[in-house]
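The numbering used here numbers the first residue of the sequence shown as 7 and each following residue consecutively. C-beta atoms are modelled at their ideal positions from N, C-alpha and C, and glycine is treated no differently. Keep in mind it's a predicted model, so treat the numbers as computed, not measured. Here is the structure we will look at.
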Amino acid sequence: MLSNLLVTKQKVVLVIDELNRERIAPKFIGSLLHEQGQGAETIKTLPTGVTLKHVATFEALITECSNGNNNNNNTTPQAGEADPGSPSSKSTSSPGFNVILPTLADLLCYQSPAFIFGFLNRLRRSEHVRRVFLWASPQHLQHPHAAYILAGCEYLAELVLRLETDKQLSLISRKPGGGVSNRRFACQVSKTQFQVTPIDGGLPASVSPNKQASPEVEQQTPEPASSTFKIELDEDEVVARNALTLPYERTSEPSEGNIIYTPDADDDFDEEDPDEDLCI
7 MLSNLLVTKQ KVVLVIDELN RERIAPKFIG SLLHEQGQGA ETIKTLPTGV
57 TLKHVATFEA LITECSNGNN NNNNTTPQAG EADPGSPSSK STSSPGFNVI
107 LPTLADLLCY QSPAFIFGFL NRLRRSEHVR RVFLWASPQH LQHPHAAYIL
157 AGCEYLAELV LRLETDKQLS LISRKPGGGV SNRRFACQVS KTQFQVTPID
207 GGLPASVSPN KQASPEVEQQ TPEPASSTFK IELDEDEVVA RNALTLPYER
257 TSEPSEGNII YTPDADDDFD EEDPDEDLCI
């Protein structure tokens, strides 16, 4: 399912919609979160409309996330309930909220690009925010620097989903260690789920990437035809390698060393006392 790819440890998720389906953005992202067990109490949204022109609206969201997370941490367990610090409690609940922002086109109607970038960075650095979702339709960005703004959002995002067509999408994932993966998927929408299948021959989204392939599959993996790097040696090359004597392996019989010196024409050899002129 698509939720297996988007609801991950990556914090900032950008959806680039080439199909102009901004009206379904909040419901679409919410359904992905619900598929991964994220309840409504973990989701925070910004109001849309004229209220977006007030900075207090954005500050209220950050304050709400901070206060809500602190209240969850300070809640004492009732009798029969698990301790919040116990391993079983940590496995069922995770700190931080999932923030669903208005579409990028709506944000640009009321705020400057610099403010939007700054707010995204604040959410990304906040310990009370677990994920941030931003939806952008390039054709709806009515701004003279729309391409630059969208590129800036891609730079801040750790996961970029591009809805290319009704049956195809691409996903760019940036991992904390610096690795980047770019994959393409074929998608099929049903009434109950959004099913995706890798086009590049990778594992399906429902399969864990840590699962090792069977030995039969590994044996069937052919060597790239375009490879020019050879590791194996044939029989003649092995014989030639064994017969080769390296410089540090060469030995010689010990012999007496004689120093032969040929005098130069300008050499002055005095058989008398060489220190006679020193008056010693």
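Taking C-alpha atoms, which residue in the options lies nearest to residue i?
{"i": "Q194", "options": "V186, T203, G55 and N188", "result": "T203"}
{"i": "V135", "options": "C71, A246 and P119", "result": "C71"}
{"i": "E170", "options": "P182, A142, E164 and H149", "result": "A142"}
{"i": "L67", "options": "L107, A111 and G184", "result": "L107"}
{"i": "L8", "options": "H40, D270 and L284", "result": "H40"}
{"i": "N127", "options": "S118, S179 and C159", "result": "C159"}
{"i": "T54", "options": "K17, D242, L110 and V18", "result": "L110"}
{"i": "G36", "options": "V105, H149 and I205", "result": "V105"}
{"i": "P101", "options": "P150, R137 and K173", "result": "R137"}
Just to confirm, are residue i and residue j a CB contact at a threshold of 9 Å?
{"i": "F103", "j": "I49", "result": "yes"}
{"i": "R168", "j": "L177", "result": "yes"}
{"i": "R189", "j": "L165", "result": "no"}
{"i": "I19", "j": "F139", "result": "First, the amino acid is wrong: residue 19 is Val here, not Ile. Closer than 9 Å, so yes."}
{"i": "L113", "j": "Q148", "result": "no"}
Among all the DSSP beta bridges, which residues are the ones paired with residue i?
{"i": "R180", "result": "V186"}
{"i": "K50", "result": "V105"}
{"i": "E125", "result": "Looking at the sequence shown, residue 125 is not Glu but Phe. For F125, which the question treats as bridged, DSSP gives no partner whatsoever."}
{"i": "L165", "result": "V19 and S179"}
{"i": "T203", "result": "A192"}
Quick check on the DSSP output: the beta strand (DSSP E) that includes residue i runs from which residue to which?
{"i": "R137", "result": "V135 to A142"}
{"i": "D23", "result": "V18 to D23"}
Which class does residue i belong to by DSSP, given the choice of helix, strand or coil?
{"i": "A175", "result": "Residue identity check: residue 175 is Leu in the sequence provided, not Ala. DSSP places L175 in strand when its eight states are reduced to three."}
{"i": "T63", "result": "helix"}
{"i": "A120", "result": "helix"}
{"i": "E241", "result": "helix"}
{"i": "S214", "result": "Because S214 carries a pLDDT of 45, less than 50, the predicted location of this residue cannot be relied on, and the following value inherits that uncertainty. Reduced to three states, the DSSP call for S214 is coil."}
How is the alpha helix (DSSP H) around residue i delimited, first residue to last?
{"i": "D112", "result": "L110 to Y116"}
{"i": "N264", "result": "Neither: N264 is in no alpha helix (DSSP H) and is coded neither H nor E."}
{"i": "G36", "result": "A31 to E41"}
{"i": "S9", "result": "S9 to L12"}
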